[in-house]
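Student:
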Amino acid sequence: MFKYCCAVLFVVLSTCLFAKEKSLPELHIYHDSDYSTHRQSAVAIKMGFLTALDEVDNQAQGYKIKLLSRDHRGNSNRSFLNFKRFLKDPSGLFVLGGLHSPPYIKYREFINTNQIPLLVPWAAGGPITRYDEGENWVFRLSVDDTKAGIKLVEFANQRACKNPHLFLERTPWGKSNYKSIGKALGNPEATVTWFDWGMKESSAKIHIREMLAKDSGCILFVGNAIEGKQLVSAMADYPEEQRIPIISHWGITGGDFFQQAKVDLASGIDLHFIQSCFSFQRRPLSGQAVKVWNNAKRMFPDEFAERDFLFAPTGFIHGYDLAKVALAAIEQIKLTGDMSKDRAEFRRALEQLDKPVKGLIKTYQNPYSKWSKQNPDAHEALGIGDLCMAYFESNGSTKVLVGNP
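Residue numbering for the sequence shown is -19 to -1, 1 to 386, as defined by mature numbering (1 follows the signal peptide of the UniProt record, and there is no 0).
1) CA-CA distance, L252 and G155?
2) Specify the secondary structure class of E37 as computed by DSSP and reduced to three states.
3) Along the chain, where does the alpha helix (DSSP H) containing P84 start, and where does it finish?
4) Quick one: which unbroken beta strand (DSSP E) runs of 3-plus residues sit fully inside the stretch 158 to 204? Chain order, please.
5) Pairs of beta-carbons, one from the stretch 115 to 135 and one from the stretch 211 to 227, closer than 8 Å: are there three or more?
6) Are the CB atoms of V101 and G78 nearer to each other than 8 Å?
7) So is E170 buried or exposed if we call it buried at 16+ other beta carbons inside 10 Å?
8) Output needed for K181: all residues of its chain with C-beta closer than 7 Å, excluding positions within five of it in sequence on either side, in chain order.
9) Looking at G235 and A206, is the spacing between their C-beta atoms short of 8 Å?
10) Enumerate in chain order the residues of its own chain whose CB-to-CB distance from E7 is below 7 Å, with the five nearest sequence positions on each side excluded.
11) Taking only three categories from DSSP, how would you classify L246?
12) Please give the ranges of any alpha helix (DSSP H) in the stretch 301 to 339, keeping only runs that are unbroken, at least 4 residues long and fully inside the region.
13) Going by other Cβ atoms of all chains shown within 10 Å of its Cβ, with 16 needed for buried, is N356 buried or exposed?
14) For F373 and C258, I'd like the C-alpha separation in whole angstroms.
15) According to DSSP, which residues form a beta bridge with D13?
16) Smallest Cα separation from K343: which of S123, T174, D358, N138?
17) Would you kindly work out how many angstroms separate the C-alpha atoms of K186 and M216, rounded to a whole number?
18) Can you find the residues in the same chain that come closer than 6 Å, C-beta to C-beta, to F239, ignoring five residues on each side of it along the sequence?
19) Taking the alpha helix (DSSP H) that F281 falls in, what are its first and last residues?
20) With a floor of 4 residues, list each alpha helix (DSSP H) that falls wholly inside the stretch 113 to 139, ordered by position along the chain.
21) Report, in whole angstroms, the separation of the C-beta atoms of S184 and G107, which I expect to be a contact under 8 Å.
22) Kindly indicate which residue of L246, D319, K336 has the alpha-carbon position closest to the one of A307.
23) Consider the Cβ of F285: report whether some Cβ of chain B lies at a distance smaller than 8 Å.
24) Give the DSSP bridge partners of T379, in chain order.
25) Is the number of C-beta pairs between the stretch 27 to 46 and the stretch 291 to 302 that are closer than 8 Å three or more?
26) Looking at the strands, I want to know which residues DSSP matches up with F148.
27) Measure the CB-CB distance between L68 and A104 and report whether it falls below 8 Å.
28) From the DSSP secondary-structure annotation, give me the bridge partner or partners of L252.
29) What is the DSSP secondary structure of V347, reduced to helix, strand or coil?
30) According to DSSP, F75 sits in a beta bridge with which residue or residues?
31) Which same chain residues end up closer than 6 Å to S353 when comparing Cβ atoms and leaving out the 5 residues on each side of it in sequence?
32) What is the residue span of the alpha helix (DSSP H) that L100 lies within?
33) On the DSSP bridge list, what partners appear for S353?
34) With a CB to CB cut of under 6 Å and the five nearest residues on each side skipped, what residues in its chain are close to S197?
35) Give me the Cβ distance between L368 and Y349, rounded to the nearest whole Å; I'm assuming they're in contact under 8 Å.
36) Given a cut-off of 8 Å, decide if V119 and S260 are closer than it, judged by their beta-carbon atoms.
Following this line, the structure appears as structure tokens:
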């Protein structure tokens, strides 16, 4: 009888606690990302963000915070639909972005005029955070192309690369990089070859032959994992003495690039890429980083079942840090349940954070401020000093370079 009563009491208490949790109003965060062709980046961002939310029990001010995954499959129009759905959601507070820049460049005006807070943990296109037609609602904690071009050119110079050849995808992201890299080179009409999404290895091999004929000393590559794999495979077909270094933007780290290209990379391809400087692979880790890492392994055991590192690790790192910044902004306002008002207050709080936020990359002191043409980096949480070059270890983990190569 006693056991029966205890069992009944347990069920009642569990039901009450569950009902209490279910009764909490919700805050919805839409994760607009490519869960299809560049799934690794989307999953890594989600993992980092959820790990930070777990530290506050996924709650703020009596609201349950819920991350809603929305796969745009690398298609700008699908991304646009995700933003339109967000606007219809009375619980939607902000949108968390993904890897691709084109959607946020193409629909930048829509995002800002409809007052949608967009927090970007990956997409690097320079124009994304630089909207000068009114209030700016887009905030980034990631690589910024206006700085990436400088870093790529600086690394090419350190490697004594003469006559670098730009190899860029024919998208708004590629065009953004053409301007920034050309400026860094001191040549706004730098030699460039454009390629389209879905480039085949045969096309990449022809492009390499043309670059070699022009006596190019290295390739400055701006593209994603699929096209990056084709470039590496094409380069591996050339004799070692003809190969030239590939200095890449970080788009290649967002998909299954390493798994697809590891055999060709093992043949001696010289490949480096840009990313932010923090790495879980660099020891010793701080106490905070150890705690975050252990929490992530507890929360996502399947992702660590076969290895003790992450693919697309900077997605996790940026997702975590951006969540910490967002939580600090939420803590600074009074949520009302009227999302149009709460979004506006959230945006203002991001520009006026009154306490430091301790992330993995660094401690953020006022990471954002009011945007203007005179203050173009106002919505950029990272600067050029936070960017490093890296390469793949033989097991697929990322090794970050410190100092000169």
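Even glycine gets a Cβ: it sits at the ideal position worked out from N, Cα and C.
Remember, predicted model here, so these are calculated numbers, not experimental data.
Tutor: With the structure as the only source:
1) 19 Å
2) Checking the sequence, you will find Val at residue 37 rather than Glu. Three-state result, V37: coil.
3) 83 to 87
4) Note on the stretch 158 to 204: whole beta strand (DSSP E) runs with a minimum of 3 residues are 173 to 176, 199 to 203, in chain order.
5) A contact is defined here as three or more CB-CB pairs under 8 Å, and the stretch 115 to 135 fails this definition with respect to the stretch 211 to 227.
6) yes
7) exposed
8) Result list for K181: Q211, in chain order.
9) In this structure, G235 lies closer than 8 Å to A206 by Cβ.
10) Y44, K45, K47, S72
11) In the three-state DSSP reduction, L246 falls in the helix class (H, G or I).
12) 320 to 332
13) N356 comes out exposed.
14) 14 Å
15) R51
16) Nearest to K343 by alpha-carbon distance, out of S123, T174, D358, N138, is S123.
17) One C-alpha to the other measures close to 7 Å.
18) Closer than 6 Å at Cβ, skipping near neighbours: F373, G377.
19) F281: not part of any alpha helix (DSSP H); DSSP gives it neither H nor E.
20) 126 to 139
21) Not confirmed; about 27 Å, so no contact.
22) K336
23) You won't find chain B in this structure, because it holds only one protein chain.
24) According to DSSP, which records beta bridges pairwise, T379 is partnered with F373.
25) yes
26) T174, F202
27) A distance of 8 Å or more separates the beta carbons of L68 and A104.
28) I227
29) Before going on, a small fix: residue 347 reads as Asn here, not Val. In the structure shown, N347 sits in coil (DSSP, three-state: anything other than H, G, I, E or B).
30) I10
31) none
32) Run containing L100: none in the alpha helix (DSSP H); it sits in the beta strand (DSSP E), 99 to 101.
33) N356
34) N144, H146
35) Actually they are not in contact, since the Cβ atoms of L368 and Y349 sit about 18 Å apart, beyond 8 Å.
36) no
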